[in-house]
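Notes to accompany the following structure.
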């Protein structure tokens, strides 16, 4: 008996409209959020588009990004003449909207009018992680889209009797993009690779299908590894050296991050479990592979220590795999029987209940401290004003700049830059302190000896309101720094001033000696 044809209904159209409205409202509320690390990626993208290679400074080969596909996508847009920040916004919004519309279209078509299904689809689509990190500017939208496309194609392959190999090849290609988007994405490939092995087929067919699925992502992984070793002389991104400690302290921080984040995305987890519970034993094996990916990823995120940015960007794969698991469950033959029960929509009452529930959940997320914290990340735009002033004052001198916030000032000044926290520096990861792993992830490599060795002309350790003052503690009272540098107050407007440090020689050379006072930190 064939599957009963289901037509796009008024309820479906309403769900799409509400979901898009939720997305628009959240992005409006959380703007102008932009993560500082997004501007690190954008610096690499802009330099690559201009012919300077995937480099941090001219001739300085360090892999300070961990999202190659994202950087290359941005670079392509910049290359055709789009202003870099506009390219970043355009790329993020386009990819997120495509992912959201793909999920809604596929899930609603397979839902077959079930009220509970509508609630899970809409609530999953309304999780704030997606709009927050559409604004945040890192690779999460591309990761979401890649996992959705690959997951949906592998579901279609499973449902068509595992005979249409082009579906598994397209799924493999999408996984290849995912692997190039994040260096830890082989974890997802491992989860997806379980699916052909769980199919009802002979051993030879299972092995062949598995190789078809993992072939392209393995090739992409091998290509990037070979490129990294040749171009950067390393086997892992520099970011891994800076952030990965394996310490108990980071693991506990990561566990807290994961548990807190999962509590905020519970509808997605319920959606995945709904898909599993709805399905037959055979289909549960398929969904179980997606659920195993969620478990593997959560363990990994806990191990590495979570994240310092607000908005739980690392839960994007959890949302994506939950969406895929729900889609798989909505294709179950059990859905036909369920659609005949009292759970099917009754006039506007059912949809009203769904709308009230989902709107309440969507609105409640605005109260979460971790989402609200994104409003304080506006300091990257204040940084743009400081960068413009520094570029105007000192650009002709081509100074060496040293910073802790390695995104905004290097990107907007275009100065040669020393990253004092090590993400874009080859030497600092070799000088890890004994207590490495006990502090804030990614912010433990500050080293005053190295700062003085590099002799930067300008040092900036505080960008604007809301910026952590990472270096003042270990610079306080350091007589060597006090002797080599002086403080200069830069007035950006009537109410805004910023403190920068100039080397005494640079201050004299640029005529700022009288404006640069003795360093008084720690006094």
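Numbering (this note's numbering), first residue to last: 7 to 529. Virtual Cβ for every residue (Gly too), placed ideally from N, Cα, C.
1) Jot down the residue ranges of each uninterrupted alpha helix (DSSP H) in the stretch 276-319, minimum 4 residues, whole runs only, in chain order.
2) Tell me, which residues are paired with residue 491 by DSSP?
3) Helix, strand or coil: which one does DSSP assign to residue 23?
4) Excluding sequence positions up to five away, which residues of its chain have a Cβ less than 6 Å from the Cβ of residue 437?
5) Are at least three pairs of beta-carbons, each pair with one atom in the stretch 97-105 and one in the stretch 215-222, less than 8 Å apart?
6) I'd like the list of long-range same chain contacts for residue 235, defined as Cβ closer than 7 Å, with 5 residues on each side in sequence excluded.
7) Hey, out of 511, 322, 490 and 512, whose CA is closest to residue 147's CA?
8) Below 7 Å CB to CB, which residues in the same chain sit around residue 348 once its five sequence neighbours on both sides are set aside?
9) If you reduce the DSSP assignment to three classes, tell me which class residue 86 lands in.
10) Is it the case that the Cβ atoms of residue 156 and residue 175 are separated by a distance below 8 Å?
11) How would you write the range of the beta strand (DSSP E) that residue 423 sits in, first residue to last?
12) Counting along the chain, where does the beta strand (DSSP E) carrying residue 406 start and finish?
13) Between residue 207 and residue 167, what straight-line distance do the alpha-carbon atoms span, to the nearest angstrom?
14) On a CA-only basis, which of 200, 244 and 416 is nearest residue 52? Give me that one, please.
15) Using DSSP's beta-bridge definition, name the partner residues of residue 465.
16) Check residue 234 in the structure and name its three-state DSSP category.
17) Suppose you measure from the CA of residue 178 to the CA of residue 202; what does that come to, to the nearest Å?
18) Let me confirm a value: residue 125 is counted as buried when at least 16 other C-beta atoms fall within 10 Å, else exposed. Which label applies?
19) Could you spell out where the alpha helix (DSSP H) holding residue 178 opens and where it closes?
20) Do you know offhand how far residue 5's Cα is from residue 463's?
21) If you measure between the beta carbons of residue 135 and residue 318, is that distance less than 8 Å?
22) Can you tell me the Cα-Cα spacing of residue 81 and residue 278, whole angstroms?
23) If distances are taken between C-alpha atoms only, which option among 128, 14 and 47 comes closest to residue 29?
24) Could you name the residues of the same chain whose beta carbon sits closer than 7 Å to that of residue 397, not counting the 5 residues immediately before and after it, in chain order?
Reading it off the structure:
1) 287-310
2) Along the chain shown, one-based indexing puts residue 491 at 485. In the DSSP output, where bridge partners are listed per residue, residue 491 has 509.
3) Within the chain shown, residue 23 is the residue found at index 17, counting from 1. Helix, per DSSP.
4) Walking along the chain shown from the start, residue 437 turns up at place 431. The answer, listed in chain order, is 453.
5) no
6) Indexing the chain shown from 1 puts residue 235 at position 229. So the list reads 241, once near-sequence residues are dropped.
7) By 1-based counting over the chain shown, the position of residue 147 is 141. The candidate whose alpha carbon is nearest that of residue 147 is 322.
8) Translated into the one-based positions of the chain shown, residue 348 becomes position 342. Summary for residue 348: the model assigns pLDDT 46, below 50, so the residue's position carries little reliability; its value from the coordinates is reported in the next sentence. For residue 348, where only same-chain residues beyond five positions count, there are no Cβ hits under 7 Å.
9) Numbered from its first residue, the chain shown carries residue 86 at position 80. It is coil, neither helix nor strand.
10) By 1-based counting over the chain shown, the position of residue 156 is 150. By 1-based counting over the chain shown, the position of residue 175 is 169. Contact: no.
11) As a working mapping, residue 423 is identified with position 417 in the chain shown. Element bounds for residue 423: 422-425.
12) Here the question's residue 406 lines up with position 400 in the chain shown. From DSSP, the beta strand (DSSP E) with residue 406 extends over 406-409.
13) Mapped onto the chain shown, residue 207 falls at position 201. Mapped onto the chain shown, residue 167 falls at position 161. Roughly 9 Å between the two C-alpha positions.
14) The count along the chain shown starts at 1 and reaches residue 52 at position 46. When only C-alpha atoms are compared, the closest one is 416.
15) In the chain shown, counting from the first residue as 1, residue 465 sits at position 459. Bridge partners of residue 465: 408 and 507.
16) Here residue 234 is taken as the residue at index 228 of the chain shown, counted from 1. In this structure, residue 234 counts as helix in the three-state DSSP scheme.
17) The residue you call residue 178 lines up with position 172 of the chain shown. The residue you call residue 202 lines up with position 196 of the chain shown. About 12 Å.
18) Translated into the one-based positions of the chain shown, residue 125 becomes position 119. Residue 125 should be labelled buried.
19) Here residue 178 corresponds to residue number 172 of the chain shown, with the count starting at 1. It spans 171-187 - the alpha helix (DSSP H) in which residue 178 sits, taken as one unbroken run.
20) Summary: the structure shown does not reach residue 5, with the chain confined to residues 7 through 529, and so no result is reported for it.
21) Taking the chain shown and counting its residues from 1, the one referred to as residue 135 is at position 129. Taking the chain shown and counting its residues from 1, the one referred to as residue 318 is at position 312. Contact: yes.
22) Numbered from its first residue, the chain shown carries residue 81 at position 75. Numbered from its first residue, the chain shown carries residue 278 at position 272. Straight-line Cα distance between these residues: approximately 36 Å.
23) Counting from 1 along the chain shown, the entry for residue 29 is found at position 23. Nearest of 128, 14 and 47 to residue 29, Cα basis: 128.
24) In the chain shown, the residue the question calls residue 397 occupies position 391. Correct list, in chain order: 419.
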